[in-house]
Each structure stands twice: as structure tokens, then as C-alpha cells.
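Q: Residues are numbered in the working numbering as their position in the sequence shown, beginning at 1, plus a constant of 39. The beta carbon of each residue, even a glycine, is placed where N, CA and C say it ideally should be.
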Amino acid sequence: GVPTQLREQQKEDVVPDIRAACMEELGVWMRGFPASFLSDGHLKYLGWNLHDKPLVRLRCVRSLRALYALPDTAAQMELFTGRFKVRRGPTAPQPQPHNHSPITTAP
Numbered sequence: 040g041v042p043t044q045l046r047e048q049q050k051e052d053v054v055p056d057i058r059a060a061c062m063e064e065l066g067v068w069m070r071g072f073p074a075s076f077l078s079d080g081h082l083k084y085l086g087w088n089l090h091d092k093p094l095v096r097l098r099c100v101r102s103l104r105a106l107y108a109l110p111d112t113a114a115q116m117e118l119f120t121g122r123f124k125v126r127r128g129p130t131a132p133q134p135q136p137h138n139h140s141p142i143t144t145a146p
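1) Hey, how far is the Cα of L106 from the Cα of L94?
2) Do G66 and F119 count as a contact pair if the criterion is CB distance below 8 Å?
3) Considering just the uninterrupted stretch of the alpha helix (DSSP H) at L82, what are its terminal residues?
4) Does the beta-carbon of S75 have 16 or more other beta-carbons within 10 angstroms, so that it is buried, or is it exposed?
5) Between the Cα of D56 and the Cα atoms of G80, M116, N88, which residue gives the shortest distance?
6) So T112 packs on L77, CB below 8 Å; how close in whole Å?
7) Looking at D91 and R122, is the spacing between their C-beta atoms short of 8 Å?
8) Report the rounded CA-to-CA distance for L97 versus M69, giving the unit in angstroms.
9) Alpha helix (DSSP H) containing K124: first to last residue?
Now the structure itself:
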């Protein structure tokens, strides 16, 4: 499908803008078609790209925040959350009690 082709092409690019666009679009597909695309097989690409250039990371974080904001997605993302939560590092902002998302913004 389109997201798979998008990701396969994205692996070979050297332009951060292309990777950023791919991560943003992947988030759109995950939100629009969660039964097909909200899976660990697709979420891992967002996780891997959290270590990319700032623009790519920003698009990944935006996609993830939008996913965690949906009522039923957090439970579907437990494995992803556990796997990539550790990589936030000690200097990452910690979630506030009212915010159930492991992805937060700095004050």
C-alpha cells in the first residue's frame, strides 16, 4: 500500500524534509485507518525517526501526540510506549498528572 511504499522510499532519501513529510503522512494514515496502520509494525518508524534531524523529530512528535489524543489509541500503543519511553532520556519533560501522553512539550 501507499504507506509501505512511502516508507520504503523514505529509507533511501537524504533530505530531512522528505523524511519529515513521510512521518507526518504516516501519522495521518494511522489516525484515519487505525485498524490497518496503528500497529507496532508501523509505529516503529515514528519511534526510529525520533532520533533524526529536528524537523523530522518534530513531525514524529506531532503525529504521536495526535495519536495519544485519540480516546482508544493509548491502549493499542502500549508496546510502542514501553519500548520508546526509555529513549526520551532524563532531560525530557515529564508528563503532568492530567496528561496521559508520554509525549510532552517543554514549558
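A: Taking the coordinates as given:
1) The straight-line gap from Cα to Cα measures roughly 19 Å.
2) no
3) 79-87
4) It counts as exposed.
5) The option with the nearest alpha carbon to D56 is N88.
6) 6 Å
7) no
8) 17 Å
9) For K124, the uninterrupted alpha helix (DSSP H) segment begins and ends at 117-124.
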